[in-house]
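Numbering (this note's numbering), first residue to last: 122 to 735.
The structure appears right after this line, and notes come after that.
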Amino acid sequence: NKSAEYESIINSQKEQLNRYECRLKDIIIAYKGLAKEKAALEAAMQTFQKPLLQSTSEKTNASAKSTEKAAKKAEMVNDKQMQTLLMNIATLTEERNRIEDILKQERNQLRQEIVLKNETIQELTERVTALEKHGKFGQASATANDQVNCELNNENQLLTIRELKKMLVDERNLNEKLEMQLSDLKTQMLLMMPERMPPGTSRNVRVMNPPVLDSVQSHENSSASFKESLQGLQLEMIHLKQQYERTVADEKMRVCVAEERSKRLAEVHEERVANLEARISELSAVIGKYDLLRERDKKNIINLEETIALMKKNGEREAIASLPAHNESPMAVHGFQFETPERLEEHESEHEQLSSKLLLEANTEKKVDSFQDESNELECYKRRYDQCINENRRLREELVLSQEHVTQLKQKLNKMKLSAEQLEADFESKLSEYAIMQKREIAQHNEKISHLQISFERQVGNLQDTLQKQRERSLAVMEEKDEEIKALRTSMEILSLSTATLRQQEQNYMLHREGLSSTQAITAFGESNSTLGLGSGYDSTTEEQHLLHYVQEIARKNVEISGLRTSKNTIESTLRQTLQEKVFVEENLKDEISRLEKEIERLRSNTSQEGSNL
122 NKSAEYESII NSQKEQLNRY ECRLKDIIIA YKGLAKEKAA LEAAMQTFQK
172 PLLQSTSEKT NASAKSTEKA AKKAEMVNDK QMQTLLMNIA TLTEERNRIE
222 DILKQERNQL RQEIVLKNET IQELTERVTA LEKHGKFGQA SATANDQVNC
272 ELNNENQLLT IRELKKMLVD ERNLNEKLEM QLSDLKTQML LMMPERMPPG
322 TSRNVRVMNP PVLDSVQSHE NSSASFKESL QGLQLEMIHL KQQYERTVAD
372 EKMRVCVAEE RSKRLAEVHE ERVANLEARI SELSAVIGKY DLLRERDKKN
422 IINLEETIAL MKKNGEREAI ASLPAHNESP MAVHGFQFET PERLEEHESE
472 HEQLSSKLLL EANTEKKVDS FQDESNELEC YKRRYDQCIN ENRRLREELV
522 LSQEHVTQLK QKLNKMKLSA EQLEADFESK LSEYAIMQKR EIAQHNEKIS
572 HLQISFERQV GNLQDTLQKQ RERSLAVMEE KDEEIKALRT SMEILSLSTA
622 TLRQQEQNYM LHREGLSSTQ AITAFGESNS TLGLGSGYDS TTEEQHLLHY
672 VQEIARKNVE ISGLRTSKNT IESTLRQTLQ EKVFVEENLK DEISRLEKEI
722 ERLRSNTSQE GSNL
């Protein structure tokens with residue numbers, strides 16, 4: 122089968138190469154025809170250019186000649202030009218007709234090939250459907266080898282169908298490419314074809330020169346396009362060679378896979394053959410025992426026949442021995458000479474009857490015994506045969522059930538593989554999603570931590586600024602209070618001095634009480650007391666106000682410091698909670714990842730165990 126497939130592939134490739142060679146030949150022929158057309162057009166251009174040069178030279182050299190001769194020469198030249206142009210047009214029309222005929226033939230061939238290939242595809246599809254129906258109908262009764270052969274045939278037919286479909290697609294693509302090339306050629310030919318013009322004056326010829334130049338340019342473009350098409354065909358040839366090499370490599374891979382499958386099937390077949398051989402050996406042992414019993418029966422029958430023959434001979438001898446005794450009795454007794462032979466005959470007949478009866482009874486008894494033994498053995502053999510048939514049926518049913526079970530297991534295995542692949546894909550997608558989520562959460566946590574750090578730094582900076590300000594204020598307040606204390610000390614010193622002066626005044630008053638009047642002393646004492654009272658009251662009220670302000674500021678700052686400490690503690694606690702949540706989330710993600718990996722390993726081990734079990 123493999124060699125036939127390879128031969129068919131090689132033949133198809135050879136046919137394709139032959140087709141491409143034929144197409145290249147046709148393209149070369151067309152290229153030669155276009156070269157001829159190009160040469161004809163160049164000749165026409167030269168014919169158009171020569172009279173112009175001759176006319177210019179004649180105008181410069183011989184301007185004095187007559188106009189009639191110039192007109193005649195111009196008419197002759199125009200006639201020659203028209204003849205050459207008509208010849209070129211005829212060659213171009215011939216080439217065009219030839220190319221159109223070739224294209225029609227190729228189209229018809231391609232249509233016929235497409236029809237044939239469609240018919241072959243329909244036949245193959247019908248065969249495939251019939252084989253599939255036949256395979257479905259005969260699955261229950263067919264053995265494992267038949268199933269393997271049917272599967273191989275189906276695979277081969279599917280491969281051939283695929284190859285034919287590929288060939289058909291390639292042919293359609295080539296047909297489309299050829300139609301595109303034909304359309305390009307038609308457009309190029311239409312561009313190259315000059316318009317037929319009646320013979321006329323030199324003006325018409327001069328008017329006709331630019332289209333001829335255009336046709337030459339288009340012809341050059343067509344030659345360039347043909348070169349490009351040749352390069353494209355060369356590239357297609359290279360591509361086909363590469364494709365052929367790829368197909369050969371694919372076929373080699375398929376051959377390796379088929380060989381591996383054949384080896385596996387051969388191993389399974391060998392195991393089945395070994396089992397069948399063991400059963401056959403058992404059956405052959407049973408049959409050998411049956412043959413031995415038959416031989417023993419034959420030997421017993423032969424021995425019985427020999428004993429019967431001996432018994433017959435002994436009976437005959439006894440009869441012969443009894444004859445002389447009977448003959449002597451009539452000789453001794455006179456008067457009974459004529460009666461003795463009859464009696465002897467009667468005795469002999471009776472003796473023979475008795476002996477035959479005895480022999481028959483013995484033979485019948487022996488035969489009955491042997492027949493009973495043989496019938497018993499036959500019944501045993503029949504029972505064994507029925508048991509073997511029942512075992513074979515049971516084994517066939519078990520084979521069918523095992524094959525169905527194997528197919529079910531294969532289907533389950535395929536489903537499990539698909540489900541495992543889907544689960545792996547789902548797990549991989551989930552892992553990727555979890556990784557992305559983890560990255561996002563890490564980035565978010567980092568951003569939050571950075572924001573919190575920035576906010577903490579800002580708050581710490583603000584607190585430091587406020588503390589610095591409070592320190593500066595407290596220092597300023599302390600300086601103010603120091604100044605106030607100094608002022609109070611000076612005032613106390615002044616008060617002490619005033620008290621000392623008062624005491625001296627009192628002493629002086631007591632001493633000089635006599636010299637001073639009571640009214641003057643009282644007024645002087647009242648004035649001094651009033652002045653001292655006013656000064657001391659003012660100083661005490663200002664000092665109390667400064668102390669109250671300082672105490673209020675200190676209490677306010679203490680409250681602010683306690684509030685900032687509480688806010689700092691709350692922020693630190695929130696940061697710790699976020700860090701703990703981050704650690705908890707990371708641990709959960711790690712646990713989830715480990716669980717998913719264990720699940721994947723378990724599924725892989727299950728698939729491997731199921732494969733090994735199968």
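Where a beta carbon is used, it is the ideal one built from N, C-alpha and C, also for glycine.
Inter-residue spacing [alpha-carbon to alpha-carbon] between residue i and residue j
i	j	result
Tyr555	Leu596	59 Å
Glu416	Lys503	18 Å
Lys238	Asp222	24 Å
Phe705	Asn535	40 Å
Glu427	Ala395	47 Å
Glu707	Arg716	14 Å
Ala446	Gly409	At Ala446 the pLDDT is 49, less than 50, meaning the model places this residue with poor confidence and gives no usable figure here.
Glu681	Val581	14 Å
Lys384	Glu392	12 Å
Ile422	His526	54 Å
Ile359	Glu366	11 Å
Asp660	Gly684	Residue placement at Asp660 is flagged as unreliable, the pLDDT there being 46, under the threshold of 50; the coordinate-derived value follows with that caveat. Taking the straight line joining both Cα atoms gives about 37 Å.
Leu758	Asp507	In the structure displayed, the chain extends from 122 to 735; residue 758 sits before or after that span and is not available.
Ile150	Arg144	10 Å
Lys689	Glu674	22 Å
Gln137	Gln532	41 Å
Glu593	Glu604	16 Å
Asp586	Ser694	24 Å
Thr622	Ala676	42 Å
Thr241	Ile148	30 Å
Leu356	Glu297	17 Å
Gln524	Gln364	40 Å
Glu142	Gln230	16 Å
Environment of residue i [buried if 16+ CB atoms lie within 10 Å]
i	result
Leu280	exposed
Asp161	It should be pointed out that residue 161 corresponds to Ala in this sequence rather than to Asp. It counts as buried.
Ile739	Here the chain covers residues 122 to 735 and nothing more, so residue 739 does not appear.
Asn448	With a pLDDT of only 46 at Asn448, under the threshold of 50, the placement of this residue in the model should not be trusted; the figure read from the coordinates follows. Label assigned to Asn448: exposed.
Glu247	exposed
Leu155	buried
Glu158	buried
Gly600	The amino acid at residue 600 is misidentified as Gly; the sequence shows Glu. By the 10 Å Cβ count, Glu600 comes out exposed.
Glu216	buried
Test item: CB-CB of residue i and residue j under 8 Å
i	j	result
Lys607	Tyr671	no
Lys560	Thr699	no
Ala545	Ile721	Looking at the sequence itself, residue 545 is Glu, so the reference to Ala does not match. Yes, these two residues count as a Cβ contact at 8 Å.
Ala164	Thr205	yes
Lys711	His566	no
Leu299	Glu227	yes
Glu741	Met537	Nothing can be reported for residue 741: it is not among the residues displayed for the chain, which extend from 122 to 735.
Phe548	Ile692	no
Met288	Ser133	yes
Gln591	Lys678	yes
Leu609	Leu696	no
Pro714	Leu516	Before going further, note that residue 714 is Ile rather than Pro in the sequence given. No, these two residues do not count as a Cβ contact at 8 Å.
Arg283	Val407	no
Where residue i sits in the DSSP three-state scheme
i	result
Glu126	helix
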